[in-house]
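In what follows, a structure is listed as structure tokens, so that the remarks can point back to it.
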Amino acid sequence: MEKLKYYWQRFCGFLAEKRPAGRVFTILNSADEARRSWQVALREFNFAEINFIDYSSYKIIASQKRYIYLLKQAQESGVTSWAANELRPLAPSLSNDCPTINDN
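Under this note's numbering, residue 1183 is the last one in the sequence shown; the count climbs by one each step, no gaps.
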């Protein structure tokens, strides 16, 4: 059991060495990476040979589902692309300012 623990710690240390320093992995980074892989899969499908079409379509569907999943996770955790104080309506309130059309 001690040997297994030793090798596990060495393996984890090896992974920590390979990780880029200062890079923070967030759900937004993961979603952006998933979006890019989805776009690559779509481009690959355009150039796929007859025997490669099944794999290409599988890759498109898998990357699309991963992207949608990560977007839902970001939405549930309240992550937005901009700060809440930067949100402004696209159009002014139309309740009283908009003229109505009469059928006369």
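Using N, Cα and C, we set each Cβ at its ideal position, and we do this for glycine too.
No experiment lies behind these values; they were computed from the predicted model shown.
According to DSSP, is residue i helix, strand or coil?
i       : result
GLY1101 : Residue placement at GLY1101 is flagged as unreliable, the pLDDT there being 45, under the threshold of 50; the coordinate-derived value follows with that caveat. If DSSP states are grouped into helix, strand and coil, GLY1101 belongs with coil.
LYS1082 : helix
VAL1158 : coil
ALA1110 : helix
PHE1126 : coil
Does the distance from the C-beta atom of residue i to that of residue j stay below 9 Å?
i       : j       : result
PHE1124 : LYS1144 : no
SER1156 : ILE1106 : yes
GLN1109 : ALA1120 : Correcting the residue identity first, residue 1109 is Ser in this sequence and not Gln. Against a cut-off of 9 Å, the Cβ pair of ALA1120 and SER1109 comes out as no contact.
ALA1127 : LEU1149 : no
With distance defined between alpha-carbon atoms, name the residue in the options nearest to residue i.
i       : options                            : result
ASP1111 : GLU1081, GLY1157, ASN1130, ILE1147 : ILE1147
TRP1117 : ILE1129, ILE1140, TRP1087, ASP1133 : ILE1140
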